[in-house]
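J.: Under UniProt numbering, residues 1 to 170 are what the sequence shown spells out, in order.
What follows is a single structure, and I will ask about it in a moment.
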Amino acid sequence: MDPSAAMDPEGKRAFQRLDEDNIQASAPLNAGPQRRAKAKAKKIEIDEHLLTLTDLATRHHTTIDPRKPSASNGLRPGEATERAAVHGPNILTPPKRKHWTLIFLECLGNLFNVLLIIAGGGTYILFFMDEVNNFANSYIGAILVGVAFVNAFIEFYQLQKSAAILMSFM
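This is the structure:
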């Protein structure tokens with residue numbers, strides 16, 4: 001049974017309208033029509049998973065043995081070179097990288113670190129209200145703020161190491 005036949009056309013149209021609404025909602029309200037059109041142009045419909053193997057082979061101009069796909073021959077070397085020239089190399093595009101200071105500030109802006117900084121600021125406020133009797137608050141405030149920065153640095157270090165490992169796969 002064809003999987004695409006099970007989906008009624010009205011349901012598919014409703015899903016497409018929902019997608020178009022999401023695309024238009026992703027562009028800001030004050031964005032011009034060009035920006036909304038650009039956001040809509042980025043929408044790519046992927047339906048290869050709904051096709052039969054013969055339809056898939058026809059669409060992508062290749063040969064697939066529908067009875068035993070593992071026995072398929074694939075592309076000829078000349079055709080593979082031609083397709084690489086037309087469509088570009090078959091590689092992953094690297095994601096845009098953030099500057100390391102922004103990454104560190106994001107780590108510092110985590111809820112736990114923000115709470116530590118607020119608590120440290122509160123102890124400094126108590127210290128400045130009565131410097132003589134609340135002198136220990138200066139140490140406590142420095143320790144709380146220091147722990148927030150150390151925690152942010154450890155998280156930043158782990159993120160950089162994991163990003164380096166992921167970049168080695170590219």
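For glycine and all other residues, C-beta sits at the position ideal for the given N, C-alpha and C.
#1: Using a 10 Å radius around the Cβ and a threshold of 16 neighbouring Cβ atoms, would you call F153 buried or exposed?
#2: So, helix, strand or coil for I125, using DSSP?
#3: For A119, tell me which candidate among S138, L105, L166 has the shortest Cα-Cα distance.
#4: Given a cut-off of 8 Å on the beta-carbon distance, is the pair L113 and L126 in contact?
#5: Can you give the Cα-Cα distance for E48 and P66, rounded to whole angstroms?
#6: Grab the span of the alpha helix (DSSP H) containing A152 for me, first residue to last.
#7: Enumerate in chain order the residues of its own chain whose CB-to-CB distance from T63 is below 7 Å, with the five nearest sequence positions on each side excluded.
#8: Please check the pair F169 and I103, which I expect to be a contact at CB under 8 Å, by giving their CB distance rounded to whole angstroms.
#9: Are the beta-carbon atoms of L116 and V147 separated by less than 8 Å?
#10: With distances taken Cα to Cα, identify the nearest neighbour of T123 among A80, I44, I140, L75.
#11: Taking the C-alpha atoms as reference points, what is the distance between C107 and P94?
#12: Report yes if the C-beta distance between L53 and P69 is below 8 Å; otherwise report no.
#13: Can you look up D65 in the DSSP assignment and give me helix, strand or coil?
#14: Between which two residues does the alpha helix (DSSP H) harbouring A57 extend?
#15: Buried or exposed: L166, going by 16 or more other Cβ atoms within 10 Å of its Cβ?
T.: By the coordinates alone:
#1: Around the CB of F153, fewer than 16 other CB atoms lie within 10 Å, so the residue is classed as exposed.
#2: DSSP places I125 in the helix class (H, G or I) of the three-state scheme.
#3: Of the candidates S138, L105, L166, the one whose C-alpha sits nearest the C-alpha of A119 is S138.
#4: Going by the sequence as given, residue 113 is Asn instead of Leu. No. Outside cutoff.
#5: Between the alpha carbons of E48 and P66 lies a gap of roughly 15 Å.
#6: First-last of the alpha helix (DSSP H) with A152: 136-167.
#7: Excluding residues within five positions, the ones whose Cβ falls inside 7 Å are A57, S72, N73.
#8: F169 to I103, Cβ: 19 Å. No contact.
#9: Yes.
#10: Nearest C-alpha to T123: I140.
#11: Cα-Cα distance, rounded: 22 Å.
#12: Remark: C-beta atoms of L53 and P69 approach each other more closely than 8 Å.
#13: DSSP places D65 in coil when its eight states are reduced to three.
#14: For A57, the enclosing alpha helix (DSSP H) covers residues 53-59.
#15: A residue is called buried when at least 16 other Cβ atoms come within 10 angstroms of its Cβ; L166 does not meet this threshold and is exposed.
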